[in-house]
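Participant: In our numbering, the protein residues as written are 544 to 845. We treat Cβ as the ideally placed atom computed from N, Cα and C, and that holds for glycine. As the structure is a prediction and not an experimental result, all values here were calculated from the model.
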Ligand SMILES: Cc1cc2nc3c(=O)[nH]c(=O)nc-3n(C[C@H](O)[C@H](O)[C@H](O)COP(=O)(O)O)c2cc1C
């Protein structure tokens, strides 16, 4: 799923928002589902139809899971989940004349972990291609734990294909979810997959443990990401450094010392610091992380 595009009333969002989903930018990528964030079903339908007609996408996702207070305070993202009437009228407007499939990414509720009970009737009226559930409330943001029992309850009430999302950090956790909910349409992994790029492959491949930590592959993964940002991001070094430092925030789990990277002020400093870490004394800490409770993969990233 691509990062969300905010809907705009009565017109298309600025073109910069479409950059990430242009087909020519994604020729070698996994299949992408564009995602819209908004509260007006008519706006959603118009923009979704534009993305379908002009860019060729067959499915558009509606984000009603974003917990950011700047989003929820305007009744968008997870902020709409406390208003069953608004969800119902959104769906009616969005689905009338929609030329592509609709899928949804949602949380359990805005403030309450049972807000969803009031939404199920509306959701069941529409042939939604897939509903991805992150079983927390918007208010929780990322606090506490994903509530698997609430997930099970909501899933059982929906007749749609359902995907699970939340707190999968190890291959064992992913396998456990798949074993308990054997008819899941998919698993969505966020932070765990950024921290450990091999995690999805480890779950699919049933690897219990990585025999050897493949540092050159990690370095290549980093270099690919960095080079792609350098080639595509507008606005100079600042946004590139911002994106890469965000990733290193996750990689601090297995990299011994990322302070120098996080303090780098320009791309030259960044490259020096990452070289020190990725081609330096990384072996022990990365090996400990990837070969213990966090199975990764030997050299799947070739
Ligand atoms: C930095 C960041 C950006 C995110 N952006 C989106 C987004 O654009 N659309 C979306 O549906 N979810 C987004 N999410 C939420 C994730 O898809 C996911 O629901 C959340 O991280 C919980 O899953 P996890 O425990 O596997 O990380 C984002 C999460 C993070 C941490």
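#1: Does ligand 1 have even one heavy atom less than 8 Å from the beta-carbon of residue 757?
#2: Once DSSP output is grouped into helix, strand and coil, what is the label at residue 652?
#3: Check whether the stretch 728-739 touches the stretch 698-707, taking contact to mean three or more Cβ pairs, one atom from each stretch, closer than 8 Å.
#4: For residue 585, which three-state DSSP category applies?
#5: Using a threshold of 8 Å, is the CB atom of residue 623 nearer than that to any non-hydrogen atom of ligand 1?
#6: Take the Cβ of residue 659 as the centre, count every other Cβ of all protein chains shown within 10 Å, and call the residue buried at 16 or more, exposed below.
#7: Assuming the contact rule is C-beta atoms closer than 8 Å, residue 618 and residue 610 should be a hit. Round their C-beta distance to whole Å, please.
#8: Looking at C-beta atoms only, is the number of pairs between the stretch 646-665 and the stretch 622-638 that lie closer than 8 Å three or more?
#9: What residue does the beta strand (DSSP E) around residue 707 start on, and which one ends it?
#10: For residue 599, tell me which candidate among 607, 567 and 733 has the shortest Cα-Cα distance.
#11: If I follow the unbroken alpha helix (DSSP H) through residue 677, where does it start and stop?
#12: According to DSSP, is residue 605 helix, strand or coil?
#13: Return yes when the Cβ of residue 591 is within less than 9 Å of the Cβ of residue 558, no when it is not.
#14: What did DSSP end up calling residue 712 once you bin it into helix, strand or coil?
#15: Would the C-beta of residue 760 count as close to ligand 1, meaning under 8 Å from any of its heavy atoms?
#16: If you follow the beta strand (DSSP E) that residue 730 is in, where does it begin and where does it stop?
#17: What do you reckon, are the CB atoms on residue 634 and residue 685 nearer than 9 Å?
#18: Going by Cα to Cα distance, which pick from 831, 826 and 546 is closest to residue 606?
#19: From this set, 587, 565 and 639, which residue's C-alpha is nearest residue 597's C-alpha?
#20: So if DSSP puts residue 816 in a beta bridge, which residue, or which two residues, is it bridged to?
#21: Have a look at the DSSP bridge pairing and note the partners of residue 644.
#22: What span of residues does the alpha helix (DSSP H) with residue 826 cover, start to end?
#23: Since residue 678 contacts residue 709 with CB under 8 Å, what's their CB separation in whole angstroms?
#24: List in chain order: all unbroken alpha helix (DSSP H) runs of 4+ residues lying wholly within the stretch 780-809.
#25: Along the chain, where does the alpha helix (DSSP H) containing residue 634 start, and where does it finish?
#26: Can you tell me whether residue 838 is buried or exposed, with buried defined as 16 or more other CB within 10 angstroms of its CB?
#27: Give me the Cα-Cα distance between residue 842 and residue 622, rounded to the nearest whole angstrom.
#28: Taking 8 Å as the cut-off, is the C-beta of residue 557 nearer than that to any heavy atom in ligand 1?
#29: Looking at C-alpha atoms only, which residue of 814, 712 and 829 is the closest neighbour of residue 734?
#30: Between which residues of its own chain and residue 796 is the CB-CB distance below 7 Å, once the five residues before and five after are set aside?
#31: With burial defined as no fewer than 16 other Cβ atoms inside 10 Å of the residue's Cβ, what is the status of residue 613: buried or exposed?
Facilitator: If we stick to the structure as given:
#1: no
#2: strand
#3: yes
#4: helix
#5: no
#6: buried
#7: That pair is no contact at about 13 Å.
#8: yes
#9: 705-708
#10: 567
#11: That residue, residue 677, is in no alpha helix (DSSP H); its beta strand (DSSP E) goes 674-680.
#12: strand
#13: no
#14: coil
#15: no
#16: 729-731
#17: no
#18: 546
#19: 565
#20: Its beta-bridge partners do not exist; DSSP assigns none.
#21: 602
#22: 826-834
#23: 6 Å
#24: 780-794 and 802-806
#25: 627-638
#26: Bear in mind that a pLDDT of 44 at residue 838, under 50, signals an unreliable position, so the number given afterwards is only what the model happens to contain. Per the 10 Å Cβ criterion, buried.
#27: Bear in mind that the predicted position of residue 842 carries a pLDDT of just 32, short of 50, making it unreliable; the figure below should be weighed with that in mind. C-alpha separation (whole angstroms): 42 Å.
#28: no
#29: 712
#30: 738 and 832
#31: exposed
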